[in-house]
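For the sequence shown, my numbering puts the final residue at 73, and the numbers step up evenly by one.
Structure, as structure tokens:
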Amino acid sequence: AGCQARCPSYGLPCSGCRGPVEEANVASEIEVLKEKGFTQVDIHNHLRTFAATAESLKMEQFKEAANKETTDA
């Protein structure tokens, strides 16, 4: 957790409210979410919620993954 692990320190699950750590592998996260059945809209909403503090990084990687999905289809 990039926030000094406040929630986990108190026995609560991390909800990602502080955004991702700098070295987050968003492309892999997107692939896992797709494998779990998330739609592009679900993934977009997930990233907007949990990566709001790193919007430009997350949205750029989301666009790359979405473009890859379109060209692979």
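Positions of the beta carbon are idealized from the N, C-alpha and C atoms, including for glycine.
Because the structure is a prediction, the values reported are computed rather than measured.
Output the distance between the C-alpha atoms of Pro-13 and Lys-68, rounded to the nearest integer angstrom.
As a working mapping, residue 13 is identified with position 13 in the sequence shown. As a working mapping, residue 68 is identified with position 68 in the sequence shown. Approximately 32 Å, taken between the alpha carbons.
Can you tell me whether DSSP reads Lys-36 as helix, strand or coil?
One-based indexing of the sequence shown puts residue 36 at position 36. Coil.
Could you give the DSSP three-state label for Glu-23: helix, strand or coil?
For this step, residue 23 is matched to residue 23 along the sequence shown. Coil.
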